[in-house]
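These protein sequences, in sequence, are chains A and B.
Residue numbering for the first sequence follows our numbering, starting at 1 and increasing by one per position.
Residue numbering for the second sequence follows our numbering, starting at 1001 and increasing by one per position.
Built from N, CA and C at the ideal position, the CB exists for glycine as well.
Bear in mind the structure is a predicted one, so any value in this text is a computation, not a measurement.
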Amino acid sequence: MSTVITDNLTGKTAAGSVTITAGSATQSLQQGLNKCWLNFEGDITTPAIRDSLNTSSLDDIGTGRYRVKYSNNFNAAKEYAGGGMTIRSGQSKGAFVSQDSQGNLNFATNGTSISVTRHDNTLGDADQVSMLLTGDLA
Amino acid sequence: MSTLKADTIVAADGTSPVTLTKQSAAKAWVNGSNSAVLSASFSISSGTDNGTGDYSYALSNAFSSGNFAQQSTSGSNSPTHSAVSNPDRITSSVLAIETSNNTTNSDKEHHITAHGDLA
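Written out as structure tokens, the structure is:
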């Protein structure tokens, strides 16, 4: 087994384009990398990020609703994909994170709003909220 | 600081998958409309609207099995909307999701991300 040790990996022909073998296929490396992720505590007065990549701020915009802004913007609004999950302390049932189009950022280039939906169909603050985003940065 | 410039990286034997130390990359993702139109995607060849809230997406490069990890979410401003993976349609070459309003399928834009090993 050989190992390449380097601090930066850059496309030779195009700086943002590197392909790797993945199984029998060869496909883009950077297209598959998460460009933003975060884990935050959302059931306290001021939601707090536990750990994250490429986030500049997190705001509480209502019960079960949050707004995340990025350090490095995405290339185009609504042209990236997100997903998430929540764990609500003291509640046995799970919940979903979904896009929140009532927020003032709806998968915009510089941030998005998300909501935490409980299985009783109400919005609720959650102890652990996680989200990841894939797509092209500007 | 060192910088490695390359267009394609392959394993030392010239064919095997490349290992990223202590991490992996998503192999496919899609931002789909409420009729399975691709708003943006990676490694998706086409989308199919199978009916109300029932969507599937063909992969450009198949997974080694149907046991990959798929993360799904719906675009919604209502707490009654949700999204789940659809194991009835998922195969090694297909991502699938159902979006619903309460217990009834409902058309909504949606996002899917998939991690695992390709064939």
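* **T3 of chain A to G84 of chain A span [Cα, whole Å]** => 33 Å
* What residues in the stretch 7 to 24 of chain A bring their beta carbon closer than 9 Å to a beta carbon of chain B? -> D7, N8, L9, T10, G11, K12, T13, A14, A15, S17, V18, T19, I20, T21, A22, G23 and S24
* Asked: Ordered along the chain, which non-local residues of its own chain (more than five positions away) have a Cβ less than 7 Å from that of L110 of chain A?
  -> Residue 110 of chain A is actually Asn in this sequence, not Leu. Closer than 7 Å at Cβ, skipping near neighbours: K69, Y70 and N73.
* To do: Label R67 of chain A either buried or exposed according to how many other C-beta atoms from any shown protein chain fall within 10 Å of its C-beta, with 16 as the threshold for buried.
  => buried
* Asked: In chain A, what lies closer than 8 Å to V1037 of chain B by C-beta?
  -> Ordered by position in chain A, no residue passes the 8 Å Cβ test against V1037 of chain B, which lies about 12 Å from the chain.
* Would the beta-carbon of L222 of chain A fall within 8 Å of that of F40 of chain A? -> There is simply no residue 222 of chain A to check, as chain A begins at 1 and stops at 138 in what is shown.
* Asked: In angstroms, rounded to a whole number, what distance separates the CA positions of Q30 of chain A and T1048 of chain B?
  -> 26 Å
* Asked: Mind checking T1170 of chain B: buried by the 16 CB within 10 Å criterion, or exposed?
  -> Limits of chain B in this structure are 1001 at one end and 1119 at the other, which puts residue 1170 of chain B out of reach.
* To do: Using the Cα positions of T1099 of chain B and R1089 of chain B, report the straight-line distance between them to the nearest angstrom.
  => The alpha-carbon atoms of T1099 of chain B and R1089 of chain B are separated by roughly 14 Å.
* To do: Starting from T1104 of chain B, find everything on chain A with Cβ-Cβ shorter than 9 Å and list it in chain order.
  => The premise fails here: T1104 of chain B is roughly 12 Å from chain A at the closest Cβ pair, so nothing lies under 9 Å.
* Could you tell me which residues DSSP pairs with I1009 of chain B in its beta bridges? => Per DSSP, the beta bridge partners of I1009 of chain B are A:I20.
* Using 8 Å as the limit for Cβ to Cβ distance, is Y70 of chain A near chain B? -> no
* Any C-beta of chain B under 8 Å from that of K78 of chain A -> yes
* Asked: Is it true that the CB of A81 of chain A sits closer than 8 Å to the CB of I1112 of chain B?
  -> yes
* To do: Please report the residue range of the beta strand (DSSP E) in which M131 of chain A lies.
  => Here the beta strand (DSSP E) through M131 of chain A covers Q128 to G135.
* Local conformation of Q30 of chain A per DSSP, three classes -> Helix.
* Asked: Should M131 of chain A be labelled buried (16 or more other beta-carbon atoms within 10 Å of its own) or exposed?
  -> buried
* Asked: So the beta strand (DSSP E) D59 of chain A belongs to, where does it begin and stop?
  -> T55 to G62
* Answer with buried or exposed for I114 of chain A, where buried requires no fewer than 16 other C-beta atoms within 10 angstroms of its C-beta. => Residue burial is scored here from C-beta neighbours: I114 of chain A has at least 16 other C-beta atoms within 10 angstroms and is therefore classed as buried.
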